[in-house]
Amino acid sequence: MLRDSIDVDGRTRTYTVVGGPSKNLVLVFHGSKQTGPKHRDFTGAIFDTLPAVVVYLDGYRGNWNDARRESGFPARVENVDDVAFTRAVVARLAVSHGIDPARVFGVGYSNGGQMVMRLAHETPGLLAGATVIAATMPEPDSFLLASAPPGPLPVLLIHGTKDPIVGYAGGEMPWLTRTVFKVGGRSLSMPATAAYFAARNGITTSPVSTRRPGTAIETTEYRAQGHEPVALHTVHGGGHTVPGPRRAPAAFIVGRTNQDVNTAELITEFFQLMP
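Per my numbering, the very first residue in the sequence shown carries number 1129; after that it's consecutive.
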């Protein structure tokens, strides 16, 4: 494990590198009020098991500038250039670790998921795939990049139906989220978020939903020949958590952690990551 830093836009930014050697690079963006190491502990370090060089990036004062118009935390208020930070880390690891710049994948949880969605809209070609956990697409009036042109990208979405922080059904952010995490505005439901990314990928066929036997996981897939796929794993009864072997702390706040599946395995399977 390597802790490192890089200067971007007049600020010293930090990150943690684990795993490798590999041509694949996975960028992990933590949730509000976390750091890379805290998110690694929060998830039981399951992303360490990915067949990739894995980087846990640290947000500015616990958050990412996620392009939500109504967000009120310092990264957003001070307009911190997290896009430049991301690009700088990718460029450095291409040299230091020999990763393939065409094999960069973003994984984001909560506010980090919002950051991955920002990258998907603002930096076409930077990511080879995006995983968004416990975050939904902002409604156009709440998203600063609502006019971004479509950019085909495989997208994997994971969300619990009992998420008390970012509601599966969308709408206005809950009081707790607005007050404690300083995130406002309105968002699409998670199914509408999946449909939104499918439309950006040019998919016009109807999705297919299946239930994983013996689990609380319902998988809805948007696929069409010649188009990048979108998949939504709906975690019935799941909270604002990352499915896997480690139960998230403070379940009375974030809700239940589903242990039927391992999120790292879902990512490996969907993006066909190879060692």
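Every residue gets a Cβ at the ideal spot worked out from N, C-alpha and C, and that includes glycine.
- Secondary structure in the stretch 1286 to 1323: the alpha helix (DSSP H) runs of 4 residues or longer, each lying completely within the stretch, are 1303 to 1308 in chain order.
- Closest in C-alpha terms to THR1332, from the list GLY1312, PRO1357, ARG1314 and ARG1339, comes PRO1357.
- When the Cα atoms are used, THR1171 and ALA1262 turn out to be separated by approximately 13 Å.
- Taking C-beta atoms as the reference points, PRO1179 and THR1396 count as a pair closer than 8 Å.
- Judged by DSSP secondary structure, ASP1210 falls outside any beta strand (DSSP E) and instead within the alpha helix (DSSP H) spanning 1210 to 1224.
- Within a 10 Å sphere around the beta-carbon of VAL1223 sit fewer than 16 other beta-carbons, which makes this residue exposed.
- PRO1252 sits in coil when the DSSP states are folded into three classes, being neither helix nor strand.
- The beta-bridge partner set that DSSP reports for ARG1339 consists of GLU1346.
- Scanning its chain for C-beta atoms nearer than 6 Å, with the 5 sequence neighbours on each side dropped, one finds around ALA1392 the residues ILE1174, PHE1175, THR1177 and LEU1178, in chain order.
- The continuous alpha helix (DSSP H) containing GLY1164 extends over residues 1164 to 1170.
- Straight across, the Cα-Cα distance linking SER1133 with ARG1351 is about 39 Å.
- CA-CA distance, ASP1194 to LEU1281, rounds to 18 Å.
- If you look at ILE1381, you'll find it in the alpha helix (DSSP H) that goes 1379 to 1382.
- The secondary-structure analysis by DSSP pairs PRO1266 across a beta bridge with SER1315.
- Between the alpha carbons of ARG1168 and GLY1159 lies a distance of about 11 Å.
- Residues GLY1288, THR1289, LYS1290, ALA1344, ARG1384 and ASN1386 of the same chain have their beta carbon placed closer than 8 Å to that of GLY1365, with the five preceding and five following residues left out of the count.
- In the DSSP assignment, ARG1204 falls within the unbroken alpha helix (DSSP H) covering 1202 to 1205.
- For LEU1272, there is no enclosing alpha helix (DSSP H), as DSSP marks it with neither H nor E.
- Assigned with DSSP and collapsed to three states, GLY1240 falls in helix.
- The beta-bridge partner set that DSSP reports for ASP1135 consists of THR1140.
- Look at ARG1351 here: in three-state DSSP terms it is coil, with no helix or strand label.
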